[in-house]
Ligand SMILES: Nc1ncnc2c1ncn2[C@@H]1O[C@H](COP(=O)(O)OP(=O)(O)OP(=O)(O)O)[C@@H](O)[C@H]1O
Ligand SMILES: [Mg+2]
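In the numbering used here, the protein residues as written are 193 to 413.
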């Protein structure tokens, strides 16, 4: 099992880069904040990569297409969860772990907490099973900091609607589903307050960004 050896090595060596993930419902501001943070960190001389899930590598982006294709309405919840974890395993092996080992800051737009929020809280799959599969895929490489941008679902939808593209398979879910997802993110933060911080996503982008920089700065070596 070469990947396990690689990851246990990684845990021992986890002294270099910084792994930060951004989470929250659609339209809460993850991409906006990730872009602003990366620009700021680069201007301060840090080596930064911004990546996203599902996706982030050619193989994982192919899995993303399957996951988000609105034609795939017959996808079983377990298929969805396993595809997400497959995409995550590939993303970690090919992008995240090599970047962290090279001392880079990795900003990831969605990660394992999205599986807990969407598949666990949203779809109602057993939280213990989602947790176990997250643990298998993440294999010890948890982010040092996770920021949840919290926003009422209606506000997130109104913002996302401005993008003027067809809704993907997840976005097409009912509002009640997205409310459960939002509650899921808040529950995740409550359960792991050292790693997961909640920021109010309804403030202007620059106000939120100031809080983001503050939280990241104290974790920079
Ligand atoms: N704090 C904010 N206040 C008002 N509008 C915002 C704020 N942050 C982002 N926006 C706008 O809302 C829209 C959605 O933001 P963004 O794409 O960053 O969200 P997201 O969380 O990445 O969404 P998705 O999950 O769908 O990718 C964009 O048009 C963006 O310019
Ligand atoms: Mg986005």
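Each residue gets a CB set at the ideal place from its N, CA and C atoms; glycine is no exception. Predicted model, so just to flag it, every value in this text is computed and none were measured.
Beta-carbon proximity of residue i to residue j, cut-off 8 Å
{"i": "residue 345", "j": "residue 299", "result": "no"}
{"i": "residue 309", "j": "residue 330", "result": "no"}
{"i": "residue 212", "j": "residue 288", "result": "no"}
{"i": "residue 339", "j": "residue 394", "result": "no"}
{"i": "residue 293", "j": "residue 208", "result": "yes"}
{"i": "residue 225", "j": "residue 269", "result": "no"}
{"i": "residue 217", "j": "residue 374", "result": "yes"}
{"i": "residue 286", "j": "residue 249", "result": "yes"}
{"i": "residue 280", "j": "residue 245", "result": "yes"}
{"i": "residue 273", "j": "residue 259", "result": "no"}
{"i": "residue 369", "j": "residue 219", "result": "no"}
{"i": "residue 229", "j": "residue 408", "result": "yes"}
Distance cut-off 7 Å: residue i Cβ against heavy atoms of ligand 1
{"i": "residue 395", "result": "yes"}
{"i": "residue 230", "result": "no"}
{"i": "residue 253", "result": "no"}
{"i": "residue 371", "result": "no"}
{"i": "residue 222", "result": "yes"}
{"i": "residue 354", "result": "yes"}
{"i": "residue 239", "result": "no"}
{"i": "residue 216", "result": "yes"}
{"i": "residue 219", "result": "yes"}
{"i": "residue 400", "result": "yes"}
{"i": "residue 351", "result": "yes"}
Buried versus exposed call for residue i [16 or more other C-beta atoms within 10 Å across all chains shown]
{"i": "residue 396", "result": "exposed"}
{"i": "residue 215", "result": "buried"}
{"i": "residue 328", "result": "exposed"}
{"i": "residue 317", "result": "buried"}
{"i": "residue 210", "result": "buried"}
{"i": "residue 233", "result": "buried"}
{"i": "residue 406", "result": "exposed"}
{"i": "residue 410", "result": "exposed"}
{"i": "residue 204", "result": "Residue placement at residue 204 is poorly supported in this model, since its pLDDT is 40, which falls under 50; the coordinates still yield a value, given next. Residue 204 comes out exposed."}
Near ligand 2: residue i beta-carbon under 7 Å from a heavy atom
{"i": "residue 308", "result": "no"}
{"i": "residue 301", "result": "yes"}
{"i": "residue 243", "result": "no"}
Check: residue i C-beta below 7 Å from any heavy atom of ligand 3
{"i": "residue 338", "result": "The ligand content of the structure shown is limited to ligand 1 and ligand 2, which means ligand 3 is not among them."}
Closest residue to residue i among the options (Cα-Cα distance)
{"i": "residue 262", "options": "359, 369 and 286", "result": "359"}
{"i": "residue 221", "options": "277, 404 and 408", "result": "404"}
{"i": "residue 301", "options": "341, 234, 354 and 412", "result": "341"}
{"i": "residue 378", "options": "348, 407, 410 and 313", "result": "313"}
{"i": "residue 223", "options": "400, 237 and 236", "result": "400"}
{"i": "residue 257", "options": "398, 368, 361 and 237", "result": "361"}
{"i": "residue 367", "options": "283, 347, 398 and 228", "result": "347"}
{"i": "residue 284", "options": "266, 295, 381 and 334", "result": "334"}
{"i": "residue 265", "options": "381, 384, 386 and 365", "result": "365"}
{"i": "residue 291", "options": "238, 307, 253 and 325", "result": "238"}
key: 3 or more residues per run - each beta strand (DSSP E) lying fully within the segment 216 to 253   = Listed in chain order, the beta strand (DSSP E) elements of length 3 or more contained wholly in the segment 216 to 253 are 240 to 244.
key: Unbroken stretches of the alpha helix (DSSP H), 4 residues or longer, contained in the segment 358 to 398   = For the segment 358 to 398, whole alpha helix (DSSP H) runs of length 4 or above, ordered along the chain, are 367 to 383.
message = I'd like the ranges of any beta strand (DSSP E) spanning at least 3 consecutive residues and lying wholly in the segment 243 to 321.
response = As far as the segment 243 to 321 is concerned, its whole beta strand (DSSP E) runs of at least 3 residues are 297 to 301.
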